[in-house]
Amino acid sequence: MTAISAPAIPAPALAARIGTTIRIHLANPWSLVITPALITFGVFLLNFAIWHAVRIAAGDRPLDPNAFNYNGGVSWVLFFMTVVAVQSMNQTFSFTVGLGATRRDYFLGTTLLFAGLALGFGTWIALMAGIERATNGWGINGHFFAPGFLGSLPLWELAVVYSLAIALMLAIGSAAGAMFVRWAANGVIAFFAVLAVVVVGGVFAISATHSWEAVARFFSERDVIDIALLSIPITLASAGFAFIALRRATPKG
Amino acid sequence: MTAVIEVSDLTRTYGKVHALEAANFAIEEGTICGVLGRNGAGKSTLMRLMTGQDFPSDGAVRLWGENPLENAAILSRTCFVRESQVYPDGFRGKHVLRAAAHLFTGWDAAYAARLVEDFRVPLDRRVKKMSRGQRSALGVVIALASRAELTLLDEPYAGLDAVAREMFYDRLLADYSENPRTIVLSTHLIDEASRLLNQVVVIDAGAVIIDADADSLRGTAVSLVGRRADLDKFAAGRWVLATSSVGGLGSMTLEGLSDADKALAVELGLELAPVSLQELVVRRTNGSNASKEN
């Protein structure tokens, strides 16, 4: 009995294998694309309704011109993206790798898809901000898609800032999701425990060294887009961490 | 002869649990191999290791001579379907088939559609809402329509009714004869599946205790019926798997009888009957009853 030598049939090209992972993620587009978009739009509609409610309640009294300028509603989509990433990694990893994809192809496909999602959603939000500006804040000087300090940014910068922010949230979600796939609930608990220690430790260090002023200066001296660019190393580190965790993860079932 | 699967000293421990202990066997191209054993014997662990889904603690698996771990060339020729396959929450049957079509290079969509009809898989239903049998049927459709050169099925028909199981055996054999490939099948329903198998690997408590050609295995054990005294006389010094008796009559399952032994038994007035594969596996994996009679 002899083992046959190397397989005669080559594997499908890397691009095709990565495409397979992306198609599996999108076989049911609701969780990754439609739901986040609908929810963002729904939160916007609710805000729009509240603005009108406030206006009606105000009656003849003049409103502060900035009344509807500070709104955190759009940040909702950012945090939702973390959940989306955790969920989709948990659900598709076991399915895709369970049916015979390699972990590497799964990771590459997922990462590419998430990058595309970040760019897509970032651009979409910037376009909505463009409509918001063109319509004088939806007719009532409301600012949902580009509130506060984002109001003065050119649209392309807005798209870059949002895309990078969403990419960061997806990458953090991927890292947490990979921890879950690899070490189940304990992995996620450990992930967020470490994250909390890092954040609180950072806050403590800044306070202990009386550096808050320097930190404030650091951010106020820089353009929003430059600050957004600073997220790239964190995003890449999170993605790299997700890959390391997935390397030895086993599909459930 | 060429081995598609070679398992050498394969060991998997989870903490203190030895799920698989130094397993050694090979499966040749074109074989339908049954992996049999009791619950928790290590069948699923073995199949997960064979498809690079789990990591060996020691030893190695070779598919076509290569390590399957993270090996896209090997895995793209392999299809592994298990009873406990996890499906994404929102997935309906049709989403699963769409995904399978992308994953398997040899996917036959027309054949899949026929199987879906035969097995009555509700493609528009969410997989989560399907009955156990429907989920199993979906798995069977994937395994058959993948046309993968190496197809592994772990407990493929949990929850399938008798009609669907019969259909599974028929379709599997029909497709196997048209598109020969290597099939590894783990199951509890040994007698039902035994007509499919040409190799049998039996695992008990993490150890491979039988690795044999199915036909030769069927001939190895014999059941003898006769007077208790004659049975005892014949059994002395032979390998007895099981005994039972009522009054002065008894029956005995013995292994390793030569033709001369069988002739002797007949001379003693004992009746010989073949032992089914299932009975043999039950006897062999039910350690306490098997003993060497003195």
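Residue numbers (the working numbering), protein chains in the order written: chain E, 1 to 253; chain V, 1001 to 1294.
Using N, Cα and C, we set each Cβ at its ideal position, and we do this for glycine too.
- For Y1014/V, there are no neighbours in chain E by C-beta distance under 8 Å, as the nearest C-beta there is about 11 Å away.
- Below the 7 Å Cβ cutoff, chain E contributes N28, W30, S31 as neighbours of G1090/V, in chain order.
- For S94/E, the residues of chain V that pass the 7 Å Cβ criterion are V1086, in the order they occur in the chain.
- In this structure, the straight-line span from the alpha carbon of V1081/V to that of A1212/V is close to 24 Å.
- Listed in chain order, the non-local C-beta contacts of L1160/V below 6 Å within the same chain comprise G1133, S1136, local neighbours out to five positions each way being set aside.
- Fully contained in the stretch 1028-1081 of chain V are the following alpha helix (DSSP H) runs of length 4 or more, in chain order: 1043-1050, 1072-1075.
- Annotation note: the stretch 1161-1194 of chain V contains the following uninterrupted alpha helix (DSSP H) runs of length 4 or greater, listed N- to C-terminal: 1162-1178, 1190-1194.
- Of all residues in the stretch 1061-1078 of chain V, those with a C-beta nearer than 9 Å to a C-beta of chain E are R1062, L1063, W1064, G1065, E1066, L1069, E1070, N1071, A1072, A1073, I1074, L1075, S1076, R1077, T1078, reading in chain order.
- Contact between the stretch 1178-1189 of chain V and the stretch 1142-1160 of chain V is present: three or more C-beta pairs spanning the two stretches fall below 8 Å.
- By the C-beta density criterion, V1246/V is exposed, having fewer than 16 other C-beta atoms within 10 angstroms.
- The stretch 1069-1083 of chain V and the stretch 1036-1055 of chain V touch, with three or more beta-carbon pairs separated by less than 8 Å.
- When the alpha-carbon of R1238/V is set against those of G1065/V, V1200/V, S1258/V, L1249/V, the nearest one is in S1258/V.
- In the structure shown, Y1014/V falls within a strand segment according to DSSP collapsed to helix, strand and coil.
- For D105/E, the closest C-alpha among the options A1162/V, F1091/V, L1069/V is that of L1069/V.
- Per DSSP, A16/E lies in no beta strand (DSSP E); the unbroken alpha helix (DSSP H) holding it starts and ends at 14-26.
- When DSSP states are grouped into helix, strand and coil, R1218/V belongs to the helix group.
- Under the rule that a run must span 3 or more residues, the beta strand (DSSP E) segments found entirely inside the stretch 1226-1254 of chain V read 1239-1246.
- For D1154/V, the enclosing beta strand (DSSP E) has its first and last residue at 1150-1154.
- Less than 9 Å separates the beta-carbon of A1099/V from that of T20/E.
- The three-state reading of DSSP puts T1002/V in strand, counting E and B together.
- Using a Cβ-Cβ cut-off of 9 Å, A101/E counts as an interface residue toward chain V, since at least one Cβ of chain V sits closer than that to its own.
- Listed along chain E, no residue sits closer than 9 Å to A1113/V by beta-carbon distance, the nearest being about 17 Å off.
- In this model, G73/E and P147/E are separated by some 9 Å (Cα to Cα).
- With contact defined as three or more Cβ pairs closer than 8 Å, the stretch 215-231 of chain E and the stretch 136-156 of chain E are in contact.
- Within 10 angstroms of the beta-carbon of L1280/V lie 16 or more other beta-carbons, which makes it buried.
- Scanning A1110/V, R1147/V, T1105/V, F1091/V for the CA closest to the CA of K1128/V turns up F1091/V.
- Contact between F41/E and A85/E is ruled out by a C-beta separation of about 20 Å, above the 8 Å threshold.
- With a cutoff of 9 Å on beta-carbon distance, G1226/V and L1268/V are scored as near each other.
- Put simply, of D1261/V, D1108/V, T1011/V the residue whose alpha carbon is nearest the alpha carbon of F1234/V is D1261/V.
- When the five nearest sequence neighbours on each side are left out, the beta carbons in the same chain lying within less than 7 Å of the beta carbon of A1019/V are those of R1012, T1013, G1042, T1045, G1206, in order along the chain.
- The three-state reading of DSSP puts L46/E in helix, counting H, G and I together.
- Beta-bridge annotation (DSSP): R1092/V is paired with R1126/V.
- DSSP places E132/E inside the alpha helix (DSSP H), whose first and last residues are 103-134.
- Look at F144/E here: in three-state DSSP terms it is coil, with no helix or strand label.
- DSSP places D1211/V in the uninterrupted beta strand (DSSP E) bounded by 1207-1213.
- With distances taken between CA atoms, Q87/E lies nearest to G177/E out of A205/E, V194/E, R182/E, G177/E.
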